[in-house]
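Numbering (this note's numbering), first residue to last: 981 to 1228.
Here you go:
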């Protein structure tokens, strides 16, 4: 297994087609794993890491890093800093770590964790699980049936296409719905007392008034002109369309 070591300066490292171990160490490094199942640790600095093909373990370390998983089922940890991470193709595990991170799952069934900081999580294609963690996070499921968990903080939660499961967690969360064509989502924990709200795309639904919406307190079903688009599973007492739904 080839081992590549950077220096305290800004290094450019290229791996091989084998399973490489690569350390950027200090400096703002650019590291390409290329083929094989690689282990790459950028170390301290603002690093650019591209795992390439294979099931890679990629660690950004401290600094504002750009990390790309490429093809394969990758494990990616951004570490401390404001990171940009794209899992690429494959079933990836992505942890943004501390900082305000932008996290993209790419194709595949991905698990994405925002960690500490105000993060953007986008599942894209595949049945993804998104967990915002602490602070105010923005979660977009994308295509397929996704699971979105906002965690602590005032989160924006949008399942997108597919029948998604949405949990806001603690804080004043916004559950967004863009179109009737996107599927029927389940909201697990709507709490108006915490400031939660359901936001509806006025143009996407071609809606003109909240009177076009109906809530069934027995089933938790929320519908537009008779077509259900959400189920509020916990059926909170006192829920009212006029108070808890917004057209935007």
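By construction, the Cβ of each residue, glycine as well, lies at the ideal position given by its N, Cα and C atoms. If you're wondering where the values come from, they're calculated on a predicted model, not measured in any experiment.
For residue i, collect the residues of the same chain with a Cβ closer than 6 Å to its Cβ; drop the 5 residues on either side in sequence, then sort them by chain order.
i	result
residue 994	1012
residue 1083	1065, 1074, 1076, 1092, 1101
By Cβ distance below 7 Å, which residues in the same chain neighbour residue i in space, the five residues on each side in sequence not counted?
i	result
residue 1125	1107, 1142, 1143, 1144
residue 1153	1130, 1134, 1135, 1137, 1176
residue 1026	1008, 1043, 1044, 1045
residue 1035	1017, 1052, 1053, 1054
Who are the Cβ neighbours of residue i in its own chain at under 8 Å, not counting the five residues just before and after it?
i	result
residue 1205	1192
residue 1096	1077, 1078, 1079, 1113, 1114, 1115
Classify residue i as buried or exposed, calling it buried when 16 or more other Cβ atoms lie within 10 Å of its own Cβ.
i	result
residue 1147	buried
residue 1228	exposed
residue 1220	exposed
residue 981	exposed
residue 983	exposed
residue 1211	buried
Let me check one thing: in DSSP terms, what residues is residue i bridge-paired to?
i	result
residue 1203	1194, 1208
residue 994	1012
residue 1001	983, 1019
residue 1227	1180
Is residue j closer than 8 Å to residue i when the C-beta atoms are compared?
i	j	result
residue 1070	residue 1051	yes
residue 1158	residue 1174	no
residue 1223	residue 1185	no
residue 1004	residue 1015	no
residue 1067	residue 1040	no
residue 1020	residue 1038	yes
residue 1006	residue 1023	yes
residue 1100	residue 1110	no
residue 1087	residue 1105	yes
Worksheet item: Which ranges does the alpha helix (DSSP H) cover as unbroken runs of at least 4 residues, wholly within the segment 1108–1171, from first to last along the chain?
Response: Considered as a whole, the segment 1108–1171 harbours no complete run of any alpha helix (DSSP H) with no fewer than 4 residues.
Practice prompt. Could you name each continuous beta strand (DSSP E) segment of 3 residues or more that falls completely within the segment 1027–1114, going from the start of the chain to the end?
Written response: 1028–1030, 1037–1039, 1046–1048, 1055–1057, 1064–1066, 1073–1075, 1082–1084, 1091–1093, 1100–1102, 1109–1111
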